[in-house]
Amino acid sequence: MPYGDGIPRTHCFSLTDIHDFDQCVFRFLVRHDLERKFEIDDSSPKMALGTILDETIKLYHLSTATNDPEYLSFIVRGAVRHIKTSIAEKGEKSFYFKHGEFINEALIEQAIDIFKNYYAGLNGKIKKSLGKVGFCEYIIESPRAKFKLWGGPDTFEMGDDGVPEVVDYKYHEDPQKGAERLDMDLTPKLYTLLSSEQLKKMGYNRARFIIRQWTDPSNTTLFTDFDLDDLGEVVKQIKQKIEIILNNKSVSFCERSFCRACKSEKRQEYLRELEEKKMVLLSTDVLFAP
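So this is what it looks like as structure tokens:
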């Protein structure tokens with residue numbers, strides 16, 4: 001039960017967890033319910049690059065950065081040190097573990113170039129930080145049980161119009177195609193809900209969720225505005241989605257070639273464990289399939 005709040009891990013959900021359930025129930029069950037994500041999570045140079053950039057903007061906001069573009073390379077390398085330290089200290093339990101094998105000097109130099117280009121694209125005018133985001137939580141009660149949303153955006157930044165912005169940074173080689181694949185329904189709602197208590201404590205009653213693309217710094221169109229005092233419908237929608245997950249006792253498989261859950265050599269082992277722990281009800285043809 002995380003943090004002594006009485007809510008079991010199986011009742012705690014991130015945005016990734018919900019997306020997993022929508023895309024492949026089996027993958028969701030292995031990662032979330034069995035807590036064996038370290039066996040099936042994968043990465044790539046692109047994913048590792050995106051992670052370096054995300055940590056870079058967080059460190060930039062915490063630093064006493066000067067207007068010298070050359071200073072930006074030190075910020076990137078500082079972000080890489082943070083990632084490597086986490087992996088060294090926590091091993092496979094580190095959030096960054098899956099990315100470690102792809103982080104090399106060439107990737108770091110690529111991250112430096114992207115950050116410098118982003119900075120130049122904004123004429124050095126990166127939005128002011130409203131402080132460290134940290135790890136956000138939001139507890140919702142349903143007739144069945146309490147459950148928790150957790151995770152959060154990359155940064156809180158001040159918009160030009162005085163509205164605080166809940167910011168999720170994204171790395172897309174092709175920003176147009178990347179934008180087309182974004183979930184601009186659930187992501188804005190969940191991240192704003194997770195951020196709402198912190199922002200209200202700062203004195204704000206409105207917020208703007210926005211996605212900033214590293215490769216298209218001038219694009220300010222990927223946003224949704226929210227009234228922080230009127231999130232009841234958002235809570236209702238997310239609550240309904242989570243209740244569907246909690247009530248699920250069946251398994252389906254995406255069978256995509258790149259799904260490391262469906263294609264895992266441990267597939268039957270995972271299914272037996274799910275059955276033994278009564279997390280799902282399986283027919284014999286599924287449980288004993290070769």
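Using UniProt numbering, read the sequence shown as starting at 1 and increasing by one per residue. Backbone N, C-alpha and C define an ideal beta-carbon position, used for all residues, glycine too.
Delimiting residues of the alpha helix (DSSP H) encompassing residue i
| i | result |
| --- | --- |
| M47 | P45 to L62 |
| T220 | Per DSSP, T220 belongs to no alpha helix (DSSP H) and is neither H nor E. |
| F135 | Looking at the DSSP string, F135 is not in any alpha helix (DSSP H), and its letter there is neither H nor E. |
| L231 | First-last for L231: undefined, no H or E at that position. |
| P188 | L186 to K201 |
| V80 | Y71 to K90 |
DSSP three-state assignment for residue i, whether helix, strand or coil
| i | result |
| --- | --- |
| Y96 | coil |
| P175 | helix |
| D285 | Any reading at D285 needs caution, since the residue's pLDDT is 49, under 50, leaving its predicted position unreliable; the model's value is listed next. DSSP places D285 in helix when its eight states are reduced to three. |
| E265 | coil |
| V166 | strand |
| I40 | helix |
| R31 | helix |
| A145 | coil |
| G6 | coil |
| F253 | coil |
| G152 | coil |
| F102 | helix |
| F13 | strand |
| Y270 | helix |
Endpoints, beta strand (DSSP E) assigned at residue i
| i | result |
| --- | --- |
| F26 | Where F26 is concerned, there is no enclosing beta strand (DSSP E), although the alpha helix (DSSP H) it sits in stretches over V25 to F28. |
| T224 | F223 to D227 |
| I126 | No beta strand (DSSP E) contains I126, which DSSP labels as neither H nor E. |
| I211 | R206 to Q213 |
Candidates the options, of which the one nearest residue i by Cα
| i | options | result |
| --- | --- | --- |
| A145 | H11, D5 and L282 | H11 |
| V163 | K128, L186, S86 and C136 | K128 |
| I57 | I242, C254, I238 and G131 | G131 |
| R27 | G203, E137, F253 and N248 | F253 |
| L49 | S142, L62, I18 and E173 | E173 |
| S218 | P175, S43, E269 and D230 | P175 |
| K170 | G159, L182 and D161 | L182 |
| F21 | Y270, K241, E265 and E276 | K241 |
| N104 | N117, G124, R81 and L122 | R81 |
| Y35 | R9, E165 and R267 | The question names Tyr, yet the displayed sequence has Glu at residue 35. Nearest of R9, E165 and R267 to E35, Cα basis: R9. |
| G100 | Y118, M47, C259 and G134 | M47 |
| G134 | L62, C24, G203 and Y118 | L62 |
Where residue i falls, given that 16 or more other Cβ within 10 Å makes a residue buried
| i | result |
| --- | --- |
| D120 | Checking the displayed sequence, the identity of residue 120 turns out to be Ala instead of Asp. By the 10 Å Cβ count, A120 comes out exposed. |
| A79 | buried |
| T220 | exposed |
| D285 | Unreliable positioning characterises D285 in this predicted model, as indicated by a pLDDT of 49, which lies under 50. The coordinate reading is nonetheless provided below. Result: exposed. |
| L271 | buried |
| P69 | exposed |
| A106 | exposed |
| K189 | buried |
| E276 | exposed |
| D54 | buried |
| I244 | exposed |
| T157 | Correcting the residue type first, residue 157 is Glu in the shown sequence and not Thr. When all chains shown are included, E157 counts as buried. |
| D161 | exposed |
Cβ pair residue i, residue j closer than 8 Å
| i | j | result |
| --- | --- | --- |
| N205 | D225 | no |
| I52 | A111 | yes |
| S14 | W150 | yes |
| G152 | S195 | yes |
| V280 | V251 | yes |
| D154 | D168 | yes |
| I7 | K236 | no |
| I83 | Y60 | no |
| L222 | I210 | yes |
| P45 | F95 | no |
| F38 | E92 | yes |
| L29 | L274 | yes |
| K98 | S43 | yes |
| R208 | G178 | no |
| L231 | L193 | yes |
| K239 | I140 | yes |
| K125 | L72 | no |
| I114 | R77 | no |
| V166 | Y191 | yes |
Proximity test, residue i beta-carbon vs the ligand ZN heavy atom, cut-off 7 Å
| i | result |
| --- | --- |
| T85 | Ligands displayed in this structure: none; no statement on the ligand ZN is therefore possible. |
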